[in-house]
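**Q** Following this message is one structure expressed as structure tokens.
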Amino acid sequence: MAPLAALLLPLLLAASSNAAALAKPVEYHSFAATPLSPHPCTAPAAGADEDVFGGSLAASAAAGEEAPAVRFRVVHRDAFAVNATAAELLRHRLRRDRRRAARISQAAAGGAAANGTRAGGGGVAAPVVSGLAQGSGEYFTKIGVGTPATPALMVLDTGSDVVWLQCAPCRRCYDQSGPVFDPRRSSSYGAVDCAAPLCRRLDSGGCDLRRRACLYQVAYGDGSVTAGDFATETLTFAGGARVARVALGCGHDNEGLFVAAAGLLGLGRGSLSFPTQISRRYGRSFSYCLVDRTSSSSSSSRSSTVTFGPGAVAPSASSSFTPMVRNPRMETFYYVQLVGISVGGARVPGVAESDLRLDPSTGRGGVIVDSGTSVTRLARPAYSALRDAFRGAAAGLRLSPGGFSLFDTCYDLGGRKVVKVPTVSMHFAGGAEAALPPENYLIPVDSRGTFCFAFAGTDGGVSIIGNIQQQGFRVVFDGDGQRVGFAPKGC
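Mapped onto mature numbering (1 follows the signal peptide of the UniProt record, and there is no 0), the consecutive letters of the sequence shown carry residue numbers -19 to -1, 1 to 472.
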């Protein structure tokens, strides 16, 4: 046997050497480790609102009615900063994020409407602002409501359908930026009759019998609620594009965590969502690009747009598309099929497609793309595999013990300007890929240099691709083609 072993040993050594030579090296990004500012945000200067949104919408309300597309500028919500540090606002944002993710999981599995509506007493574009400075996690846009147009900050939400805003007279209203819309001063406001088809589209339309007025109520999982009259109104967008007879809730009784926003622009797939309502004129496609959550509102490079109409699906060599997946038990959400994730250029074996697949018979599982959730949540087995792969590839970074909020993998990068971090890419059905820049998955959580891996695990059934991971991408919701696209550096 000795002569045989002597012959085999060189062959084994050669095979081992060849395998090592063929092994793919770990791919890294250079990452600028900029911690959060320790200084409290300050109130914006007078007139800053018009500056960050590029001028008054009301001034453009009389412009051409037949714009081929609707396009509104997107501005970072830090323009409406409050006297709190970025770390304090982040903690508040993550608390809200937990509530929202729980509400989405409950709605997806239970088949309840995502907007919670029940009986109760060419294209369009606008600027979007991320919500760290207000602590809510949503992104804002500015539109004009009524005739003449009243400027209104609206939360963009792909996880809701009903469009609504606060209205005077207020029985109960929260503080918002700018004036509260008063329908009595608008010549284009129209009440919806209780017997109208629009009222019947609500999950359970209420009725004020004395006025024959349709009523709406929307309750959210974080405890926020809005209720009032269901009506139609004209909305005005940047450049003068106007859309008449948009069905919306005129909320006279509102409370919750919608700090600064006048209301919500529901962008879901349901029959009352804004994209569905304008589809006859503009088609069923729209896109957005979300600016960095801590970007400066004074930097023009940080501004972005939301676009409805033909320009929403502009061709780009870097765009990649994946088919939308339908959940028969929940029409609102935008489901996609996530088939894998790579770390350092190598697919993570434990991120199994079976753990991320939608079960259409129960409505459980699957992956949605959501603008209102901040942190991407993956089914627990997939997340654990991703986290372990990232930790292994980032072995050169110093782990910070204890984690932070819902993050269990954090690093102490204090005193380091630039570090090497493993690449992370998400792979979707049809060959689509979203190669994330490092700031989309390693985020600062304090002013001392602690950075956390911005993914989390969930046992709630549905996985969610959140807005931190979407930053900087032009995300396309092509309702006409029933597909979702990702275009890097799309802002």
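Don't be surprised by glycine CBs; every beta carbon is placed ideally from N, CA and C.
None of these values were measured; they are calculated from a predicted model.
What is the rounded straight-line gap between the Cα of Val317 and the Cα of Arg191?
**A** One C-alpha to the other measures close to 46 angstroms.
**Q** Helix or strand or just coil, what does DSSP make of Tyr120?
**A** Of the three classes helix, strand and coil, the one that applies to Tyr120 here is strand, per DSSP.
**Q** According to DSSP, simplified to helix, strand and coil, what is Asp459?
**A** Here Asp459 sits in strand by DSSP.
**Q** Look up Tyr269 in the DSSP assignment and give the residues it is bridged to.
**A** Note: Tyr269 sits in a beta bridge opposite Val287 and Val456.
**Q** Between the Cα of Leu17 and the Cα atoms of Leu183, Ile424 and Lys123, which residue gives the shortest distance?
**A** Closest by alpha carbon: Ile424.
**Q** Apart from the five residues on each side of it in sequence, which residues of its chain come closer than 6 angstroms, Cβ to Cβ, to Val224?
**A** Contacts found: Leu216 and Ile259.
**Q** How long is the line joining the alpha carbons of Arg181 and Cys175, rounded to whole angstroms?
**A** If you take the alpha carbons of Arg181 and Cys175, they lie about 8 angstroms apart.
**Q** Please name the residue in Leu394, Gln87 and Val457 whose C-alpha comes closest to that of Thr15.
**A** Of the listed residues, the one whose Cα sits closest to Thr15 is Leu394.
**Q** Who are the near neighbours of Pro21 in its chain, counting only those whose CB is closer than 7 angstroms to its CB and skipping five residues on each side?
**A** Asn64, Ala65 and Thr66.
**Q** Determine the burial state of Thr286: buried for a count of at least 16 other Cβ atoms within 10 Å of its Cβ, exposed for fewer.
**A** Answer is buried; the Cβ neighbour count reaches 16.
**Q** Less than 8 angstroms between C-beta atoms, sequence neighbours within five positions excluded: which residues of the same chain meet that for Ser365?
**A** Excluding positions up to five away in sequence, the list reads Gly331 and Gly438.
**Q** Does any heavy atom of the ligand SAH sit closer than 7 angstroms to the C-beta of Gly249?
**A** No copy of the ligand SAH appears in this structure; indeed no ligand is present at all.
**Q** What first and last residue would you give for the alpha helix (DSSP H) that runs through Leu367?
**A** First-last of the alpha helix (DSSP H) with Leu367: Arg361 to Ala374.
**Q** What does the alpha-carbon distance come out to for the pair Gly220 and Phe53?
**A** Their Cα atoms are separated by approximately 8 angstroms.
**Q** What are the partner residues of Asp210, as DSSP defines its beta bridges?
**A** DSSP lists Leu196 and Cys231 as partners of Asp210.
**Q** At the level of alpha carbons, what is the spacing between Leu229 and Pro403?
**A** One C-alpha to the other measures close to 45 angstroms.
**Q** Find out if the Cβ-Cβ distance for the pair Asp210, Ala149 is shorter than 8 angstroms.
**A** No, Cβ-Cβ distance for Asp210 and Ala149 is not below 8 angstroms.
**Q** In chain order, what residues of the same chain have a beta carbon less than 6 angstroms from the beta carbon of Ala194, not counting five sequence neighbours either side?
**A** For Ala194, where only same-chain residues beyond five positions count, the Cβ hits under 6 angstroms are Ala172 and Asp210.
**Q** Taking C-alpha atoms, which residue in Thr288, Leu146, Ile449 and Thr128 lies nearest to Met135?
**A** Residue Leu146 is the option with its Cα nearest to Met135.
**Q** Are Phe467 and Ala413 closer than 8 angstroms when you measure CB to CB?
**A** Contact: yes.
**Q** Whole angstroms are fine: how far does the CA of Val272 sit from the CA of Glu420?
**A** Taking the straight line from one Cα to the other gives about 12 angstroms.
**Q** Count the other CB atoms within 10 Å of the CB of Glu334; is the residue buried (16 or more) or exposed (fewer)?
**A** When all chains shown are included, Glu334 counts as exposed.
**Q** Beta carbon of Gly232, beta carbon of Thr207: below 8 angstroms?
**A** In contact: Gly232 and Thr207 (Cβ atoms closer than 8 angstroms).
**Q** Determine the contact status of Ile243 and Ala130, defining contact as a CB-CB distance below 8 angstroms.
**A** One detail in the question is off: residue 243 reads as Ala in this sequence, not Ile. Cβ atoms of Ala243 and Ala130: not closer than 8 angstroms.
**Q** Output the distance between the C-alpha atoms of Pro6 and His408, rounded to the nearest integer angstrom.
**A** Going from the Cα of Pro6 to the Cα of His408 covers about 20 angstroms.
**Q** For Pro256, which three-state DSSP category applies?
**A** Correct three-state label for Pro256: helix.
**Q** For Ser323, which of Arg379, Ala374 and Gly186 has the nearest alpha-carbon?
**A** Of Arg379, Ala374 and Gly186, the residue nearest in Cα terms is Ala374.
**Q** Mind checking Ser168: buried by the 16 CB within 10 Å criterion, or exposed?
**A** Exposed, by the Cβ-count rule.
**Q** Flag this pair as touching only if the stretch 377 to 384 and the stretch 351 to 362 have three or more C-beta atom pairs under 8 angstroms; answer yes or no.
**A** Taking 8 angstroms as the limit for Cβ pairs, the verdict is that the stretch 351 to 362 does not touch the stretch 377 to 384.
**Q** Just the C-alpha distance for Glu214 and Gly292, rounded to the nearest angstrom, thanks.
**A** Distance between the alpha carbons of Glu214 and Gly292: 24 angstroms.
**Q** In whole angstroms, what is the alpha-carbon distance linking Pro164 and Gly249?
**A** Those two C-alpha atoms are separated by around 25 angstroms.
**Q** Compare the C-alpha of Gly447 against each of Ala370, Tyr315 and Phe371 and name the closest.
**A** Selected option, being the one with the closest Cα: Tyr315.
**Q** Could you say which of His73, Phe218 and Phe255 lies nearest to Thr139 if we only look at CA atoms?
**A** The shortest C-alpha separation from Thr139 is found at Phe255.
**Q** For Ser252, collect the residues of the same chain with a Cβ closer than 7 angstroms to its Cβ; drop the 5 residues on either side in sequence, then sort them by chain order.
**A** Taken in chain order, the residues that qualify are Arg182.
**Q** Among Ser141, Ile449 and Arg307, which has the Cα closest to the Cα of Gly347?
**A** Comparing Cα positions, the closest option is Arg307.
**Q** Can you give the beta carbon distance from Val465 to Phe302, rounded, assuming they're within the 8 angstroms contact cut?
**A** Indeed they touch by this definition, with Cβ atoms about 7 angstroms apart.
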